[in-house]
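Below you'll find the structure, written out as structure tokens, and then a few comments.
Numbering (the working numbering), first residue to last: 1 to 761.
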């Protein structure tokens, strides 16, 4: 739209009859308000729109009518340019796109060029190729700027022979030509295969080292219209030339390379004939090449058997037996067991001429580090006309050595061995190596030794070894014997020995000494150490000691002896806990060892019977050795007893007496029960089953005194106790009697006492 402004520049009103466009049709249109007279200085706007429907230049006029103007009509020219895309193609639609003649199966792509000759962007909405054999291979839409081009690739390929036609259709935003069609043409024919070989008649591989190979190619091309299979073969068997494949299928218009390999097995000029079968028949091609090689002599060197730890040296006279010169730059060994000593200088390199015309002396030393076959290689590095090369001389040798094996192989356990005695174990020593074995035994202590102490064994030979163990101390003992040999792996093979020193069995009866004492110095007591009790006087102290004769010192020194005693009841069964004292015999003990703190005293009142036991072991865990003896308090002895009595029955016999009237009267016998008394001194053995004692006693009639107003009689006498003091019979004579005179006269001055169940009340 464009605004046209009308203004009245006069001094009076201006009448406007109308405003219109000439011509009245076209891309221009008018938008005008209702107009009346224009006052002086008044302005009014009229809008003119331009809407082209096609591209190109357009013209018109805006006509304004007023009677106040001279002339009454004024014309305002209008011009506008329509912008639109314009599609043009090459080739022209009238000409079309011709693919001409193709082989069946062959395809061809030709472009169609689209040009935008308009003034705005051309948008290709779709591209469609119609017709059998034709195809559009690009994008089906595109945006083309004004003046730009766009190539549309079209492919044609005939599957069968004959002529083909089609159409290429474009749809765009070109307002004048929204759709454009181009004709497509082409034809397909089938032509015979024509295979051409692009090599010369002679294929030369040049010079190739023996053992290496060179690859060349036979190039084939089928310029015909049909596929063809080309056959290839060598005219005669050969080991120097090799074909990758024996037939090749060539499609029309395609080419292929067939690999040919030359691997000379011998030196000199080598030839072969290659037969190639095509549509034109068999063709012969000559294959030629030259074999070159390097070879070092000697190829191997065996050092045979060398003891491990020793060495052997050999001089290798290196020669080049090949047909090409070889320049040596470095010589080295691949294994540590082989060392190289070059006897010539390689600072300026060394030329080994072909055909053994020159030699290089090299010293090689073989020092095996282990048994068995050892191998390596002598690397001879250098170069020749083919480039860098490494030649190898194989090195080998066998390391031999002696190897000792013991059966059994573990530690020797002798267990418990008595001090002063010797135990023997047998080992088998075997030389499992491949060299003579020399062995010498080296004991690391005095308690173990081996016989023989030195020996030799050939390969595979065995011998018996006697191992002796004599412990010098008690308890665990450890020792070693080193078998020093020429076995490199076990130069000092240890025989580990363990054992335990034990004491010899000892007769405890022969060393145990008992002494007894009661109010006197201790005196030896003969003890048989059996189950028969030994009766000793009440209050006897028992001491124990152990004799240490020189003949038994080795069996006693270090020994522990457990001494214990326990009280027994009348049935000789233990009562209460045992008292223990442990005694150990030391090296500095001489003569005998006393058992201190035994504190054993026989007392009828508290420790009337005891069992004394001595126990020892030759080694921990060994069966115990034990002796025992029962001691019992008893026997005859003088003693102040001061033991109260209570008689069962006391008889005072009656007698005749003359009363005051001179008449003879018979007295009555008194039978008294439970008279008290006391046994104050006697010769006594309370354990005797028959007569157990003679006692001096005193008895008084205390109960009788209570009933006779204090009359009392006291008698002194002698009593005999029997059967362990359970029964007592005694006689006594009065020493004091305050009874009435009549009673004194009617009874005797003595009495008989019977008591039962012991002296004690």
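Heads up, the beta-carbon is just placed ideally off N, CA and C, and yes, glycines get one too.
- When beta bridges are read from the DSSP output, residue 616 appears opposite 561, 625.
- The shortest C-alpha to C-alpha distance from residue 326 to any of 666, 353, 542, 671 is the one to 353.
- Check the Cα spacing between residue 620 and each of 319, 528, 476, 486: the tightest is with 476.
- Pairing residue 147 with residue 77, the inter-Cα distance amounts to about 31 Å.
- Taking the Cβ atoms as the reference, residue 166 lies roughly 4 Å from residue 184, within the contact range of under 8 Å.
- Rounded to the nearest whole angstrom, the CA to CA distance from residue 51 to residue 4 is 17 Å.
- With a cutoff of 8 Å on beta-carbon distance, residue 536 and residue 640 are scored as not near each other.
- By the CB criterion at 8 Å, residue 294 and residue 364 fall outside the cutoff.
- Counting along the chain, residue 155 sits inside the beta strand (DSSP E) bounded by residues 149 to 157.
- Restricting attention to 652, 217, 661, 333, the CA atom closest to the CA of residue 204 is found in 217.
- Scanning its chain for C-beta atoms nearer than 8 Å, with the 5 sequence neighbours on each side dropped, one finds around residue 244 the residues 258, 259, 260, 261, in chain order.
- The segment 290 to 304 and the segment 391 to 401 touch, with no fewer than 3 CB-CB distances between them shorter than 8 Å.
- For the pair residue 85 and residue 174, the CB atoms are nearer than the 8 Å cut-off.
- Rounded to whole angstroms, the separation of the alpha carbons of residue 690 and residue 554 is 51 Å.
- DSSP places residue 512 in the uninterrupted beta strand (DSSP E) bounded by 512 to 517.
- Residue 418 and residue 624 have their C-alpha atoms some 15 Å from each other.
- Contact between residue 469 and residue 497 holds, since their C-beta atoms are separated by about 6 Å, short of 8 Å.
- With contacts defined as CB atoms closer than 8 Å, residue 31 and residue 47 qualify as a contacting pair.
- When only Cα atoms are considered, residue 565 and residue 608 end up about 13 Å apart.
- Here residue 404 has 429, 431, 437, 439, 483, 485, 487, 490, 493 as same chain residues with Cβ atoms under 7 Å from its own Cβ, once five neighbours each way along the sequence are excluded.
- By the 16-neighbour rule on beta-carbons within 10 angstroms, residue 384 is buried.
- Per the Cβ contact rule, the segment 635 to 655 is not in contact with the segment 600 to 614 (fewer than 3 Cβ pairs under 8 Å).
- Taking all protein chains in view, the Cβ of residue 725 is crowded by 16 or more other Cβ atoms within 10 Å, so the residue is classified as buried.
- Uninterrupted beta strand (DSSP E) stretches at least 3 residues long and entirely within the segment 657 to 727 occur at 664 to 666, 670 to 672, 676 to 684, 691 to 700, 713 to 722, given in chain order.
- In terms of CA proximity to residue 322, 356 leads the group 332, 307, 121, 356.
- Non-local C-beta neighbours of residue 481 in its own chain, meaning closer than 8 Å and more than five positions away in sequence, comprise 441, 442, 443, 444, 448, 449, 450, 467, 494, 495, 497, ordered along the chain.
- The C-alpha of residue 191 is placed about 24 Å away from the C-alpha of residue 154.
- The straight-line gap separating the alpha-carbon atoms of residue 424 and residue 415 is approximately 11 Å.
- Per the coordinates, the alpha-carbon of residue 237 lies some 19 Å from the alpha-carbon of residue 212.
- In the three-state scheme derived from DSSP, where H, G and I count as helix and E and B as strand, residue 355 is classed as helix.
- In the DSSP assignment, residue 554 falls within the alpha helix (DSSP H) that extends over 553 to 556.
- When the Cα atoms are used, residue 593 and residue 561 turn out to be separated by approximately 11 Å.
- The shortest C-alpha to C-alpha distance from residue 253 to any of 20, 351, 427, 106 is the one to 106.
- Counting along the chain, the unbroken beta strand (DSSP E) around residue 142 starts and ends at 142 to 144.
- A direct Cα-to-Cα measurement between residue 7 and residue 42 gives close to 6 Å.
- Assignment of beta-bridge partners to residue 212 by DSSP yields no partner.
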